[in-house]
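Numbering (UniProt numbering), first residue to last: 1 to 325.
Quick notes on the structure that follows.
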Amino acid sequence: MKLLVTGGAGYIGSVVSRLLLDAGHEVTVLDSLITGHAESVAPDATFVQADIKDAATVLTPGAGFDGVLHFAGLIAAGESMVKPELYWQHNVVGSLALLDAVRAAGVPRFVFSSTAACYGNPAEIPITEAAETKPTSTYGATKLAFDMALTSEAFAHQLGVTSLRYFNVAGAYIRDDRAIGERHDPETHLIPIALEVAAGKREKLTLFGDDYPTPDGTCVRDYIHVEDLARAHLLALETSKPGEHRFYNLGNGQGFSNREVAETVREVTGHELPVEVAPRRDGDPAILVASSGRARAELGWVPAKPTLQAMIGDAWTFYREHVAA
Ligand SMILES: NC(=O)c1ccc[n+]([C@@H]2O[C@H](COP(=O)([O-])OP(=O)(O)OC[C@H]3O[C@@H](n4cnc5c(N)ncnc54)[C@H](O)[C@@H]3O)[C@@H](O)[C@H]2O)c1
1 MKLLVTGGAG YIGSVVSRLL LDAGHEVTVL DSLITGHAES VAPDATFVQA
51 DIKDAATVLT PGAGFDGVLH FAGLIAAGES MVKPELYWQH NVVGSLALLD
101 AVRAAGVPRF VFSSTAACYG NPAEIPITEA AETKPTSTYG ATKLAFDMAL
151 TSEAFAHQLG VTSLRYFNVA GAYIRDDRAI GERHDPETHL IPIALEVAAG
201 KREKLTLFGD DYPTPDGTCV RDYIHVEDLA RAHLLALETS KPGEHRFYNL
251 GNGQGFSNRE VAETVREVTG HELPVEVAPR RDGDPAILVA SSGRARAELG
301 WVPAKPTLQA MIGDAWTFYR EHVAA
């Protein structure tokens, strides 16, 4: 297939691009580099530096694209609460312009990076796709808004859409002498922050709250290896049907507490990891764990690297070789 990958200079889009190319697809990456890195773009992909609002310059009716995988967006929930206008602009206004281009070009398939943040503070664990969507951040609200636009698009214009709702994505894609991993600036994700502490680049790891109703008192989250996540995108493309909007939660169905993450970082890196406990943050639910039963049943998706050791091990290899070096 001839595929357009938006956000292919970012963490997840760059890994998925590699898997698509390895599977024999043709890939064009469209990324403005607002938060991404040109060197992360897969070497065999065609790279266009542009904003998604200008996607129609690439996605022309004659270009013959078979699908779009849409990763481009702003992703920091905290920032979205102080600069909401930026998030509505990039994640909704920009995405709607992309969708206009998809329609005009007659592209039949669309895979969207949705998020667990659409569910907010869920009533039941594990979280299924039937759970109520009540985002607690502007980030989550913008992703849910575009999910809704996609539902109408599938219904009215027969687009085949898959929204993949990722939980916490972790690890790195290691192949030959090259690793592709997480490099957000500022970094807000627990595992890369803990690795910075282990490497001596940060003084300590702050855990927010240790009095939650969880086995060790710290929050429990579901982590998914980026390579497992990436494979789900290929399955979504292969099974896409015109006029259908499918939703799949992607996590490994197992929660890990913040203290377990800290302990595994100590174990994997062999370094000290000073931890301080700070008060709870507003809006942090105690436990967020996905049910990925639907993805397993309908897509035949099975995570190959479900352990924290595998995720943190690969993330550490990437950190040492490409971030700290
Ligand atoms: N990382 C996670 O744990 C996680 C969890 C749930 C959902 N997601 C979703 O997955 C997607 C990818 O996340 P990531 O961690 O790879 O983020 P990332 O910041 O590494 O990558 C995002 C990429 O999008 C590009 N971009 C942003 N706005 C753009 C625009 N208007 N036009 C063109 N390019 C633009 C950036 O330059 C960057 O390369 C996002 O949509 C995010 O909401 C990520």
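A virtual CB, placed ideally from N, CA and C, is assigned to each residue, including glycine.
Report yes if the C-beta distance between G120 and P135 is below 7 Å; otherwise report no. yes
With DSSP collapsed to three states, give me the class of V82. helix
Nearest-angstrom Cα separation, counted from K83 out to V197: 28 Å
Considering only residues of the same chain and omitting the five flanking positions on each side of T206, which have a CB-CB separation below 7 Å? E276, A278
contact_flag[the stretch 139 to 157, the stretch 183 to 202] where n(CB pairs < 8 Å) is 3 or more: no
On the DSSP bridge list, what partners appear for T317? In the DSSP output, where bridge partners are listed per residue, T317 has none listed.
Tell me the residue span of the alpha helix (DSSP H) that contains R109. R109 -> not in any alpha helix (DSSP H); beta strand (DSSP E) instead, spanning 109 to 115.
Quick check: T133 and V92, are their CB atoms within less than 7 Å of each other? no
By DSSP's criteria, H225 is part of a beta bridge. Which residues make up the other side? A170
Spatial neighbours of W316 in its chain, beta-carbon cut-off 7 Å, leaving aside the 5 residues before and after: L195, V268, T269
Name the one or two DSSP bridge partners that A262 has. For A262, which the question treats as bridged, DSSP gives no partner whatsoever.
Span separating the alpha-carbon of D54 from that of H184: 24 Å
Flag this pair as yes or no: are the beta carbons of L159 and F110 separated by less than 7 Å? yes
Tell me which residue opens and which closes the alpha helix (DSSP H) that I21 is part of. It should be noted that the sequence gives Leu, not Ile, for residue 21. Looking at the DSSP string, the run of the alpha helix (DSSP H) that includes L21 is 11 to 22.
For A50, I'd like the list of residues in its chain whose CB is within less than 6 Å of its CB, leaving aside the five on either flank, ordered along the chain. L30
Cβ-based burial, E227 [other Cβ within 10 Å; buried from 16]: buried
What residues match up with Q49 in a beta bridge as DSSP calls it? D31
Tell me where the alpha helix (DSSP H) around residue 326 begins and ends. Nothing about residue 326 can be read from this structure; the chain reaches only from 1 to 325.
Please determine, among R103, T188, G181, G217, the residue with the shortest C-alpha to C-alpha distance to A156. R103
Could you check which residue in I52, Y139, T46 has the C-alpha nearest to that of M81? Y139
Minimum C-alpha distance to K180 - residue among H37, K2, H25, L99: According to the sequence shown, residue 180 is Ile rather than Lys. Out of H37, K2, H25, L99, H37 has the C-alpha closest to the C-alpha of I180.
Determine contact between the stretch 38 to 45 and the stretch 253 to 265, defined as no fewer than three beta-carbon pairs at a distance below 8 Å. no
Nearest to F318 (by Cα), restricted to the options Y11, W301, V5, M1: Y11
Backbone CA spacing between L33 and L86 [nearest angstrom]: 15 Å
In this structure, does DSSP put V68 in helix, strand or coil? strand
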